[in-house]
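Colleague: Below you'll find the structure I mean.
As C-alpha cells, then:
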C-alpha cells in the first residue's frame, strides 16, 4: 500500500498564534505531501512499495542503492513530519 498523508489530528488553525493557519496548510498539504509523493515515486514497482514507512526505514540497508537516498530522505521526511503533527497537538 502506498504511503499516504495523514490527516492532522487538529484544525490547521489550532496552533495560532504560534504557527498561523496558512503556514500549517502549506507545510502539511504541500511540503509533507511532497515527501509522500516522492517516496511513493521512488518505491513504485519495487518490493518495498507495499511496506509501511517504519519497516522501510528499519531495513534501509536492504533498499536498492540506486533509490536508497531518495527513500531515506522522503520516507524519513514523511515519518518525521507525521511525528511532528502528533506531538504539536
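Numbering (the numbering used here), first residue to last: 6 to 94.
Beta carbons are placed, not taken as given, at the ideal position from N, Cα and C, and that holds for glycine.
#1: Spatial neighbours of residue 123 within its chain, please: C-beta separation below 6 angstroms, excluding the five flanking residues on both sides.
#2: Do three or more CB pairs link the stretch 61 to 70 to the stretch 85 to 92 at distances below 8 angstroms?
#3: Can you list, in chain order, the residues of its chain whose CB lies under 6 angstroms from that of residue 92, leaving out five sequence neighbours each side?
#4: Looking at the structure shown, is residue 68 part of a helix, part of a strand, or coil, going by DSSP?
#5: How should residue 48 be labelled, buried or exposed, when 16 other C-beta atoms within 10 angstroms of its C-beta is the threshold for buried?
#6: How many angstroms separate the CA atom of residue 25 from the CA atom of residue 36?
#7: Which stretch, first to last residue, makes up the alpha helix (DSSP H) that contains residue 60?
#8: Note down the Cα distance separating residue 56 from residue 10, rounded to an integer number of angstroms.
Modeller: Result, derived from the coordinates:
#1: This structure gives no information on residue 123, because the portion of the chain shown stretches from 6 to 94.
#2: As far as the Cβ criterion goes, the stretch 61 to 70 does not touch the stretch 85 to 92, which means the pair count is below three.
#3: For residue 92, where only same-chain residues beyond five positions count, there are no Cβ hits under 6 angstroms.
#4: In the structure shown, residue 68 sits in coil (DSSP, three-state: anything other than H, G, I, E or B).
#5: Burial is judged here by how many other beta carbons sit within 10 angstroms of a residue's own beta carbon; residue 48 has at least 16 and is buried.
#6: Separation of residue 25 and residue 36 (C-alpha to C-alpha, rounded to the nearest whole angstrom) is 15 angstroms.
#7: Run containing residue 60: 58 to 63, per the alpha helix (DSSP H) assignment.
#8: Between residue 56 and residue 10, the C-alpha separation is close to 15 angstroms.
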